[in-house]
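In what follows, a single structure is set out as structure tokens and then discussed.
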Ligand code: MN
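Residue numbers (the numbering used here): 7 to 484.
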């Protein structure tokens with residue numbers, strides 16, 4: 007179980023009795039968070055910062071603990087912030103600053119200066135806020151009474167984002183083959199991606215999977231086929247074609263596990279030794295949280311896995327998507343998005359069918375794939391691009407809808423959605439911002455989740471939605 011360390015701030019000015027009360031109140035707060043959010047992360051109390059040395063010791067503990075995904079701070083009393091400087095210089099994990107109190111209401115009848123000295127977050131949290139701002143430390147502030155539902159929801163949101171950032175720092179992507187066919191947006195600076203986000207982008211030849219798949223036993227394939235048959239409806243009699251996908255998936259799973267990879271890419275240009283492009287194999291793995299990027303897109307492979315981690319336990323679905331084509335009927339504009347094969351199974355609204363169809367491009371055998379209708383409702387489309395001197399996240403609010411007419415000849419899973427504030431501004435904004443054709447669609451995450459991730463990872467963020475205007479479009483040239 008991942009954990010957050012809770013570090014309260016105070017000082018030794020107020021005496022032993024006051025510090026005991028600070029500790030007791032903080033323990034009560036930690037117990038409350040564990041009761042409410044203990045299934046997401048564990049909260050653990052560290053010694054109250056009374057000196058610079060204690061702060062450094064606390065932050066050292068944060069940094070060497072692999073299970074720790076971040077820090078929660080709260081200034082119960084005033085805590086002179088110079089003594090936080092050296093500790094904060096060590097901290098390289100997400101920071102949540104609670105601006106709260108042990109008490110909800112003021113005890114008007116009994117309040118005296120002892121109460122004022124003990125309960126002065128309004129004073130101490132401002133001092134702490136200043137040093138964070140002065141040191142340019144990205145952090146999240148949540149203000150309010152800690153037992154209120156909306157406050158708790160924001161703490162939970164921070165937990166989800168901190169888990170995703172931890173996932174990012176431990177992200178290793180297996181790229182089989184390279185960036186494909188001169189595509190620009192799928193490429194970028196892998197070195198900078200590792201420095202900035204922690205992504206180890208490893209290269210292997212697809213021959214590794216070809217060799218491994220030769221060693222996959224019939225029993226292993228039987229087991230994988232049983233998994234497919236349990237989850238999906240077999241709508242083909244070409245079982246051997248499906249078994250070939252099962253063979254690939256077993257091989258991919260073994261390879262990723264052995265090499266500790268959380269995401270992978272392939273390219274349909276480089277499938278030497280394989281009969282089919284991995285279809286179900288990729289779709290089924292994505293549904294288990296494995297990141298996938300087609301055409302060598304290591305950024306979307308990593309980013310989709312990270313956003314799936316962020317949405318863990320929430321209602322809705324999150325997965326990779328590609329922009330394809332539009333219905334431009336005036337006032338009813340809608341986008342049809344899909345991929346040539348690899349649409350993640352977690353986006354399915356109903357039980358997917360296993361079908362076999364020819365693939366128009368790539369020159370390989372007919373691949374088996376999952377075909378299904380996707381989820382509907384309010385969601386976001388989000389992507390991450392490499393601008394050369396920085397990364398940019400683009401997040402657009404969208405409305406996923408049921409297809410207005412059946413498309414019986416379309417042999418792939420697909421979604422349809424409307425742009426916001428409308429087609430013209432929404433899609434133009436995406437183009438101006440340099441948004442990729444590969445993205446992540448989510449009905450589980452929202453703009454504020456992505457904004458928090460962008461802030462805490464120091465990433466530029468462009469948002470598109472009902473608040474986007476014609477004038478905003480010109481901002482993206484910078
Ligand atoms: Mn693509």
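The beta carbon of each residue, even a glycine, is placed where N, CA and C say it ideally should be.
Item: Would you mind reading off the limits of the alpha helix (DSSP H) that contains residue 138?; Value: 127–140
Item: Would you mind stating whether residue 215 and residue 261 have Cβ atoms separated by less than 8 Å?; Value: yes
Item: Under three-state DSSP, which class holds residue 61?; Value: helix
Item: Would you check if the distance between the CB atom of residue 289 and the CB atom of residue 349 is smaller than 8 Å?; Value: yes
Item: Where residue 235 and residue 33 are concerned, what is the direct C-alpha to C-alpha distance, given to the nearest angstrom?; Value: 50 Å
Item: Is it true that the CB of residue 389 sits closer than 8 Å to the CB of residue 407?; Value: no
Item: To which residues of the same chain is residue 175 closer than 6 Å at the C-beta, ignoring the five residues directly before and after it?; Value: 204
Item: What do you get for residue 250, buried or exposed, if any count of 16 or more other CB atoms within 10 angstroms of its CB means buried?; Value: buried
Item: Would the C-beta of residue 341 count as close to ligand 1, meaning under 7 Å from any of its heavy atoms?; Value: no
Item: Opposite residue 380 in the DSSP bridges: which residues?; Value: 354
Item: Confirm the yes/no value for this check: CB of residue 373, any heavy atom of ligand 1, distance under 7 Å.; Value: no
Item: Give every residue whose Cβ lies closer than 6 Å to any heavy atom of ligand 1, listed in chain order.; Value: 300, 301, 328, 345, 444
Item: Jot down the residue ranges of each uninterrupted alpha helix (DSSP H) in the region 285–359, minimum 4 residues, whole runs only, in chain order.; Value: 286–292, 304–316
Item: I'd like the list of long-range same chain contacts for residue 193, defined as Cβ closer than 6 Å, with 5 residues on each side in sequence excluded.; Value: 185
Item: Give the C-beta separation of residue 148 and residue 167 to the nearest angstrom, bearing in mind that I take them to be a contact with Cβ-Cβ under 8 Å.; Value: Not quite, the Cβ-Cβ distance comes to about 12 Å (not below 8 Å), so this is no contact.
Item: Which first and last residues belong to the alpha helix (DSSP H) in which residue 81 is found?; Value: Taken as a continuous stretch (DSSP letters only), residue 81 belongs to no alpha helix (DSSP H), being part of the beta strand (DSSP E) at 74–81.
Item: Give, in chain order, every unbroken run of the alpha helix (DSSP H) that is at least 4 residues long and sits entirely within the region 198–227.; Value: 213–221
Item: Compare the C-beta of residue 424 with all C-beta atoms of chain B and state if any pair is closer than 8 Å.; Value: Going by chain labels, chain B is absent from the structure shown, which holds only one protein chain.
Item: How about residue 402 and residue 471: are their beta carbons less than 8 Å apart?; Value: yes
Item: Here's a check: name, in chain order, each residue in its chain whose Cβ is nearer than 7 Å to the Cβ of residue 368, leaving out the five neighbours to either side.; Value: 274, 283
Item: With C-beta atoms as the reference, is residue 133 less than 8 Å away from residue 87?; Value: yes
Item: Determine which residues share a DSSP beta bridge with residue 9 and list them.; Value: 48, 74
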